[in-house]
Structures are given as structure tokens and as C-alpha cells.
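Residue numbering for the sequence shown follows numbering that gives the first Met the number 0, beginning at 0 and increasing consecutively.
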Amino acid sequence: MLRIIALTLVAATLAGACASGPGEGNSGIAPQTTTTTLPPPEGVTFVRINNASFRPSNLTIDLDELQIVRWINEDDREYTIVSRARVDGERVFQSPVLGPGDEWEFDFTTVPPDVHRYFMELGAQTIPGLVDTRPAQ
Numbered sequence: 000m001l002r003i004i005a006l007t008l009v010a011a012t013l014a015g016a017c018a019s020g021p022g023e024g025n026s027g028i029a030p031q032t033t034t035t036t037l038p039p040p041e042g043v044t045f046v047r048i049n050n051a052s053f054r055p056s057n058l059t060i061d062l063d064e065l066q067i068v069r070w071i072n073e074d075d076r077e078y079t080i081v082s083r084a085r086v087d088g089e090r091v092f093q094s095p096v097l098g099p100g101d102e103w104e105f106d107f108t109t110v111p112p113d114v115h116r117y118f119m120e121l122g123a124q125t126i127p128g129l130v131d132t133r134p135a136q
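Following this line, the structure appears as C-alpha cells:
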């Protein structure tokens, strides 16, 4: 008899949960969700730092379409992104220290088109990256 009462209560609870509309009560059933990935802002492309690597590590951009590269630190440690020194010893760019969740961007229209090599340090190791902004040949 107790088993019949328990089954009746469960059935009534489920029927009530199914009958209630959106936002009515708490049915205990997880709502269906949708994940939307927004496109990057116009002229911007992303490089993600994850698991001590750049994703993508080699990037070719057409400066007529993409001008800005935004690095996003999705790792659990701090990094600084540094361009390799040019022949004259100058660096094209260097980010501030990027903590977990931080972002930094560089506008490649501010420098001549070239193969811009960069890195971040991980202890004694350097993790390389590259942005090629040369026109298509």
C-alpha cells in the first residue's frame, strides 16, 4: 500500500512539473540551454593562451580584413607576450603581464607588413608564436 502511495505521489509530481509552463515553479528538470559563440569584432582575430601554448601559434592575416590580434590568457598562470627583436634591436610589441582571464591586443597596421615572431616564457623555455602580415604573393 505504501508503495502505491509513493508511486502516486511521484506520478503526480511529474505530471505537475510537465504541466507547468516556462518560469512556473521548480520542476527539478534542468532547462535546455544553448551556447552561442559570437563572432569576433570586425578586424579582430584571437589567439588563445591555453595549456602553455598559443592557439593558433602561427597566424597569417590579411591587413585589409584583420588588423588587430587579441591574445586571451585562458591558462592558470601569468604570461608576457614579447616580439622578437628586429635587426635594429627594437621590439615591435610587448604586452603587460597577463594574468588568468586577461586580454591584450596589438594593431598590426602600426608596423610594416612582415613575419612578426613572438614568444612567451615558461621558466627557461620560450613558447613561440608568429603573425605573418605580408601581402599574399
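Backbone N, C-alpha and C define an ideal beta-carbon position, used for all residues, glycine too.
Supposed close pair residue i, residue j - CB separation, criterion 8 Å
i	j	result
residue 112	residue 58	No, residue 112 and residue 58 are not in contact; Cβ-Cβ is about 14 Å, not under 8 Å.
residue 107	residue 79	No, residue 107 and residue 79 are not in contact; Cβ-Cβ is about 19 Å, not under 8 Å.
residue 69	residue 43	6 Å
residue 55	residue 74	That pair is no contact at about 16 Å.
Residues that DSSP places opposite residue i in a beta bridge
i	result
residue 118	81 and 127
residue 93	81
residue 52	49
residue 58	130
residue 76	Residue 76 is not bridged to any residue.
Any non-hydrogen atom of the ligand ADP closer than 8 Å to residue i Cβ
i	result
residue 40	The ligand ADP is not part of this structure, which contains no ligands at all.
Helix, strand or coil at residue i according to DSSP, with G and I counted as helix
i	result
residue 45	strand
residue 23	Here residue 23 scores only 48 on pLDDT, less than 50, and its place in the model should not be relied on; the value that follows carries that caveat. DSSP places residue 23 in coil when its eight states are reduced to three.
Nearest residue (CA-CA) to residue i, options the options
i	options	result
residue 84	48, 118 and 126	118
residue 102	50, 72 and 55	72
residue 86	60, 116, 47 and 100	116
residue 77	89, 69 and 48	48
>> Assess contact between the segment 122-130 and the segment 88-96, defined as three or more Cβ pairs (one per stretch) separated by less than 8 Å. Is contact present?
In response: no
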